[in-house]
Each structure stands twice: as structure tokens, then as C-alpha cells.
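Residue numbers (the numbering used here), protein chains in the order written: chain A, 1 to 143; chain B, 1001 to 1356.
Note that the Cβ used here is the ideal one computed from N, Cα and C, for glycine as well.
Inspection log for the structure reproduced underneath, given as C-alpha cells.
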Amino acid sequence: MGEDPTQDGKRFDPLDAWRGVRDVYMDAWSKNMVEMVNTEAYAQATGAMLDTYLTASTPFREALEKAMVRTLEQLAMPTRADVVSIAERMTNIEMRLDDLDAKLDTIQRLITQAVAGPPPQPRKAQQPAKKAVAAKKAKRGKK
Amino acid sequence: MAEATVITDPYTEAAERLKTLTKVMTTKAAIAQTPKELVWTLNKAKLYRYTPVLPKEKRHPIPLVLVFALMNRPYILDLRPGHSFVEYMVNKGYDLYLLDWGAPGPEDKNLKFDDYTLDYMPRAIRKLKATFGVEQFSLLGWCIGAILTTIYAALRGDEDGLRNLILLTAPLDFSNKQGLTFARWTDERYFDIDKVLAAFGNMPGEMIDYGAKALKPVENYIGNYVKLWDNIDDPRIVESWHAMNTWVTDNVPLAGGAFRQLIVDLYRKDKLMRGELVIRGERVDLSRIHANLLTVIAEDDHITPSCQSEPIMSKVSSADKELFKVRGGHIGIMAGSGASKFTWPHIDGWLAPRSK
Chain A
1 MGEDPTQDGK
11 RFDPLDAWRG
21 VRDVYMDAWS
31 KNMVEMVNTE
41 AYAQATGAML
51 DTYLTASTPF
61 REALEKAMVR
71 TLEQLAMPTR
81 ADVVSIAERM
91 TNIEMRLDDL
101 DAKLDTIQRL
111 ITQAVAGPPP
121 QPRKAQQPAK
131 KAVAAKKAKR
141 GKK
Chain B
1001 MAEATVITDP
1011 YTEAAERLKT
1021 LTKVMTTKAA
1031 IAQTPKELVW
1041 TLNKAKLYRY
1051 TPVLPKEKRH
1061 PIPLVLVFAL
1071 MNRPYILDLR
1081 PGHSFVEYMV
1091 NKGYDLYLLD
1101 WGAPGPEDKN
1111 LKFDDYTLDY
1121 MPRAIRKLKA
1131 TFGVEQFSLL
1141 GWCIGAILTT
1151 IYAALRGDED
1161 GLRNLILLTA
1171 PLDFSNKQGL
1181 TFARWTDERY
1191 FDIDKVLAAF
1201 GNMPGEMIDY
1211 GAKALKPVEN
1221 YIGNYVKLWD
1231 NIDDPRIVES
1241 WHAMNTWVTD
1251 NVPLAGGAFR
1261 QLIVDLYRKD
1271 KLMRGELVIR
1281 GERVDLSRIH
1291 ANLLTVIAED
1301 DHITPSCQSE
1311 PIMSKVSSAD
1321 KELFKVRGGH
1331 IGIMAGSGAS
1341 KFTWPHIDGW
1351 LAPRSK
């Protein structure tokens, strides 16, 4: 009858107690580790490790790069620098296309506005014009 | 009627658990499923528009543009159906756009904040305005995305029509060196940035991922998997873990030029908050930000502590500004289980009346 639920509906799990101990231990470990990575000593140690790796690997990396460039050139294949150069030029072309697109959008907006006709004049701007017409009419009347 | 047989022998249970574990550790979850269309593209950057679900008359007239960090994929904002900020905001009637920076290649190693804020962002915004006939817009920047949106808001915000600015866990103030673990690790005494960038060109995603995880090593390298194993029989938790793990392990490099600015100009010299940051010859003056501002701070954020985000409130000229603190971590406030109860409704509640 090992599958029978207990009174609260959960199966008895003998590992529950162990999990509780584990969680307490992990919490304590986590706090200690957070404190540890926050120290100057840790920053110094990781910095030194990274520096050692870069110092040690740079000559090999550079030698490999040179050999690869020579090989690709011999095979009449584009090198990494060639591909990068083309990609940069593509981005520049995209920029110019985007500039053209912006100009086309502006032209399209102006054409749409022109086809739709001039926007209605605001009231305040119309009043002086009406007054001027009335004054002209009055002048004509006098004549 | 025959009852369904429940397999309960311990060997079968263990085999099922191992099968689930193998699946979530070796496959990618279905993420970023909200429908969207491509509006604009330049180099690796793309501007997407999420397909609205409400008719135009029921939508907010001011669109919202999401700008995420440079070194992570932005689909954390649209993680999975039912747990997606994007889906939530689209359902609330926002015309929603996402600026996805993409993954920089070797040819992009010289890209800097200057390029992102004065080339990419203004061009994307121009296209958005021209295509959809709007004059104003809102911006939401998260993490490094918040640095970019802040710089953009100070340099071009007013002239481009920026109305609302939302900054999530924004690392802007770097003056408290003792409180910033990253500042200690990248101190010039220990971290030779020239050597790193000479070797890699761009900052590799794996190194950035290591840096983020090493802040809480036990939780990230052990506790995370223990949590999965403890809940391996709960499909909801497994699904959520799988989606988050898919995002966490999908890192992109950070362009070398931008990484150098982040470390040297910000972490080491705190130039942005001191008003000394110069972007393509223009000084970034935070008092030139007039847009309505909402700053969201995660109270348990170990990547961007609150001391990095709060000081901007006194630097901007915005008449309408709010600081919102919410319980949760750097990512948890937007993608955790409490996000849909606290952070998302607050952002919607703040933005809706300001998007009329």
C-alpha cells in the first residue's frame, strides 16, 4: 500500500527531510558565494585568470589567423577581412537606401497633401481677409 | 468501464523524469509567438510591429516602442502565450513595436552607443512615423536598452516626438562603486579591456552570460537545476523553466565599441550621470529629457541595484514623472510569475492615460 495518500493528500516522501536540510545548506552556501564574488580578491583572481588565458592564447591565435589568411589567398578565397569589408559596405549601402527611403516618404507625404488641397484656413486668419473685402466693397460703393 | 492505469513504479517514474529533463535541457521551447510583421531593417537591427487585435478606434493613438538590451534576445518580452508582456499590451490596445538589435558580427565590432542612438533609433522611429502616420510615440527601454533610450531621449527625444519614456531596471548611475559587483570586476586594475577586445572583437555572449550568472553562482549554476528536478512532475513549472532556459542560454555578443563605452565611460567614469558623456560630439544632458517618465525598479535586482536607477528622477526636466518599485529580480519583474499581477498592470495603468 505504498501508493496510499496520507491524510493531507500527499504521498509520504522519505526525501522531504533531506530536501529541507539541502535547501538550508544551499541558502547558506549561496550567501557565502555572493559575498565571496563581491570581494576584491575574487575580482583580482578572475582578472588574472582572464589575462593569463589571453596572454597565452594570443600568439597561437595570431599565428593561426596568419596561416589561414595565407591559405585562403593561395586558394583564391576571400579572407575574413574581405568578408567583413563587404559587410561594412553593405551596411553603408543600406544607410544610403534608408536615406532615399526617407526622402521618398517626404515626397509622398507632400504629394498626398497637395492632391488633398490646401488645409482649411484657421478662423482668425480669415477675419482680416473678410474685413479687407468689406473695406474694398465699401470703397467701391463710395465711388 | 476500465479505469486508466496509473504507472507508479519508481523505475518508470524515474525514466519519465529523465525523459522530461533531457527534453528541456536539449531542446528549445516555442517562444515569441505573438504575430508580428517586419517594418524596417538596417544591418542586423529590425523593427517589428505586433499585429493589433483591437480595431483602430479602440486602440491608443500613441504607439509604444520596446527597446531591449544589446546582449540578450528581446523575446523575453514575448516569452510564451499567456506569459507575455507583448501579448498583454497588444490586448490592452497598444500599437506595439519592437526594436530588435540582432546579433552583431565581426563587421560590427566598432558599433557604439553613438550608432545605436543617433543612427539606428532615429531611423527606426522615422520609418514608424512615416508608415503609420503618427507624430508622437512612447519608448520602453530595459537594462542596456534603458541606457540607449535615455541617451536617445536626451539627444533626440523632443525633436522626434517622444511623449512617454519608461525605464526598466536602468543602469544609469555608476557612482556607488562599492555597491556594484560588475564595477569591481571591470576595474581597470583587474580587467584589461583592450586585450579582451583585441582578442574577441565583440564581447562574447558566453562571457557576458558568465558575468551575469557569477553574481549569484550557487543559484544560477546549481539551484536553478535543483528547482527543475524538484518540480519535474509539474508540467506548468517545467514549461515555464524550459522557456526561461531557452532565453537564458540564447546569448548574443555585445558590439566591441558599445562594450568599451559601457565599461570605460559608464562603469569606470560614470559619465552619463555626471553630464560628461559625449555622443558623436553632443553632450548628453539629462535635463533635456521632457517626456513623461516612469522608472521601474526591481527591489531584489542584483544586476542593477536601485541606486543605479533612482538618481535620474532628479536629473530630468519631465514635469510628469514616477518611480515605481516592485518586488522581484532583474528579469523576474517582467517575466516572472508576479509580472502579470504587478508590473504589467502598473505600466499599462501609467501609460494608458498618457497615450490619448
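Have a look at residue i and residue j and give me their C-alpha separation to the nearest angstrom.
| i | j | result |
| --- | --- | --- |
| Asn1072(B) | Asn1251(B) | 5 Å |
| Gly1133(B) | Arg89(A) | 31 Å |
| Phe1085(B) | His1330(B) | 15 Å |
| Ile1237(B) | Ala81(A) | 47 Å |
| Glu3(A) | Leu1070(B) | Caution applies to Glu3(A), whose pLDDT of 44 falls short of 50 and renders its modelled position unreliable; the value that the coordinates give is listed next. Glu3(A) and Leu1070(B): Cα-Cα distance of roughly 51 Å. |
| Leu1038(B) | Ala1130(B) | 15 Å |
| Ala1214(B) | Val37(A) | 7 Å |
| Ala1002(B) | Val1053(B) | Any reading at Ala1002(B) must be qualified, since the residue scores a pLDDT of 45, below 50, and its modelled position is unreliable; no value is offered. |
| Thr1169(B) | Thr1150(B) | 12 Å |
| Ile1193(B) | Tyr42(A) | 18 Å |
| Leu1066(B) | Ile1263(B) | 24 Å |
| Trp1229(B) | Val1218(B) | 15 Å |
| Gly1145(B) | Ile1333(B) | 16 Å |
| Phe1068(B) | Gly1102(B) | 11 Å |
| Thr1246(B) | Trp1185(B) | 27 Å |
| Thr1034(B) | His1083(B) | 11 Å |
| Arg1288(B) | Met1089(B) | 28 Å |
| Phe1142(B) | Trp18(A) | In the sequence on display, residue 1142(B) carries Trp and not Phe. For Trp1142(B) and Trp18(A), the distance between alpha carbons rounds to 40 Å. |
| Thr1295(B) | Leu15(A) | 45 Å |
| Gly1011(B) | Arg22(A) | Strictly speaking, residue 1011(B) in this sequence is Tyr, with Gly absent from that position. Approximately 24 Å between the Cα atoms of the pair. |
| Ser1340(B) | Asp1301(B) | 18 Å |
| Val33(A) | Glu1057(B) | According to the sequence provided, residue 33(A) is Met. The question's Val does not apply to it. Computed Cα separation, rounded: 54 Å. |
| Ile107(A) | Trp1040(B) | 19 Å |
For residue i, would you say it is in contact with chain A, using Cβ-to-Cβ distances shorter than 7 Å as the test?
| i | result |
| --- | --- |
| Lys1044(B) | no |
| Glu1003(B) | In this predicted model, Glu1003(B) has a pLDDT of only 48, less than 50, meaning its place in the structure is not dependable; the value taken from the coordinates is given anyway. With 7 Å as the cut-off, Glu1003(B) does not count as an interface residue toward chain A. |
| Tyr1152(B) | no |
| Phe1191(B) | yes |
| Lys1019(B) | no |
| Lys1315(B) | no |
| Lys1195(B) | yes |
| Ala1015(B) | no |
Could one say the Cβ of residue i lies closer than 7 Å to chain B's Cβ atoms, at least one of them?
| i | result |
| --- | --- |
| Gln44(A) | yes |
| Asn38(A) | yes |
| Val24(A) | no |
| Trp18(A) | no |
| Thr33(A) | One detail in the question is off: residue 33(A) reads as Met in this sequence, not Thr. It does: the Cβ of Met33(A) has a partner Cβ on chain B nearer than 7 Å. |
| Asp13(A) | no |
| Asp105(A) | yes |
| Ala87(A) | yes |
| Asp98(A) | yes |
| Val21(A) | no |
| Leu110(A) | no |
| Leu72(A) | no |
| Asn94(A) | It is worth fixing the name first, because residue 94(A) is Glu in this sequence and not Asn. For Glu94(A), the answer is yes, since a Cβ of chain B falls inside 7 Å of its Cβ. |
| Val115(A) | no |
| Val84(A) | yes |
Once DSSP output is grouped into helix, strand and coil, what is the label at residue i?
| i | result |
| --- | --- |
| Trp1241(B) | helix |
| Asn1043(B) | coil |
| Ser1138(B) | strand |
| Leu1254(B) | strand |
| Val1067(B) | strand |
| His1083(B) | strand |
| Ala56(A) | helix |
| Asp1114(B) | helix |
| Asn1231(B) | coil |
| Ala1298(B) | strand |
| Val1218(B) | helix |
| Val1326(B) | strand |
| Val1278(B) | strand |
| Asp1160(B) | helix |
| Lys1129(B) | helix |
| Glu65(A) | helix |
| Asn1202(B) | coil |
| Ile1076(B) | helix |
| Ile1166(B) | strand |
Using DSSP's beta-bridge definition, name the partner residues of residue i.
| i | result |
| --- | --- |
| Lys1321(B) | Leu1293(B) |
| Arg1362(B) | The structure shown does not extend to residue 1362(B), since chain B spans only 1001 to 1356, so no value can be given for it. |
| Arg1049(B) | Glu1037(B), Tyr1097(B) |
Mind checking whether the beta-carbon of residue i lies closer than 6 Å to any heavy atom of the ligand SAH?
| i | result |
| --- | --- |
| Gly1329(B) | For the structure depicted, the ligand SAH is absent and the ligand set is empty, with no information on it obtainable. |
Interface positions of the segment 1041-1070 of chain B facing chain A (Cβ-Cβ less than 7 Å), listed along the chain: Per Cβ criterion, the list reads Leu1042, Asn1043.
Contact list for the segment 1199-1223 of chain B against chain A, Cβ threshold 8 Å: Interface annotation for the segment 1199-1223 of chain B against chain A: Ala1199, Ala1214, Leu1215, Lys1216, Pro1217, Val1218, Glu1219, Ile1222, Gly1223, criterion Cβ-Cβ distance under 8 Å.
Contact set between the segment 1100-1119 of chain B and chain A, restricted to residues whose Cβ is under 7 Å from the partner: Those residues of the segment 1100-1119 of chain B that come within reach of chain A (Cβ to Cβ, closer than 7 Å) are Gly1105, Pro1106, Glu1107.
Within 8 Å of chain A by C-beta, residues of the segment 1167-1193 of chain B in sequence order: Taking 8 Å as the Cβ-Cβ cut-off against chain A, the residues of the segment 1167-1193 of chain B that qualify are Thr1181, Arg1184, Trp1185, Asp1187, Arg1189, Tyr1190, Phe1191, Asp1192.
Members of the segment 1119-1152 of chain B near chain A, C-beta cut-off 7 Å: Sequence-ordered contacts of the segment 1119-1152 of chain B with chain A read Arg1123, Arg1126, Ala1130 [C-beta pairs closer than 7 Å].
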